[in-house]
Amino acid sequence: MITEQKNITCIACPRGCRLELIPGAEGSEAQIRGYECPKGLAYGQREAVEALRILTSTVKTCSAEMPRLPVRLSEPVPLDRFREFMDLINSFLAVEDCKPGDVLVRDFGMPGVNLQATGELHYEN
Ligand code: SF4
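Numbering of the sequence shown is given in my numbering, commencing with residue -6 and proceeding in unit increments.
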């Protein structure tokens, strides 16, 4: 929950409205200003409680041809835990063939969050 006013850009559609998130008094719900539609209000409310983002990165492989494999997390995760997720990603080594969408690790750092390949990896036999 935010404790001070925050200005953010709504990313729920390409219009990119500027949202003001104003903390509520004594634990009450934050006030959201600047949204143009219900999706923007919902986005602002979520961001006021906990900022979530999809994390994309790359992992190491054993392939000389493709030393890094693009990956992403299957679900948005708290922004303030990105460092922790990056440590897990940096310690992962992709040792098997995979294609975009393949799950490399289930429950990766958090229940219900999977590490997924977004690129293709083929090892020569
Ligand atoms: S508030 Fe509504 S119209 Fe504005 S960017 Fe968000 S989703 Fe789009």
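Here a beta-carbon is modelled for each residue, glycine too, at the ideal position from N, C-alpha and C.
In this text the structure is predicted, and so the values were computed from the model without any measurement.
Burial check for residue 47: the Cβ neighbour count within 10 Å stays below 16, so the residue is exposed. With respect to residue 112, residue 71 sits apart: the two C-beta atoms are not nearer than 7 Å. Fewer than three pairs of CB atoms, one per stretch, sit closer than 8 Å, so the region 82 to 101 makes no contact with the region 30 to 43. Exclusion of residue 26 from the 6 Å shell around the ligand SF4 follows from its C-beta lying no nearer than that to any non-hydrogen atom of the ligand.
Put simply, the backbone Cα of residue 110 is about 12 Å away from that of residue 82.
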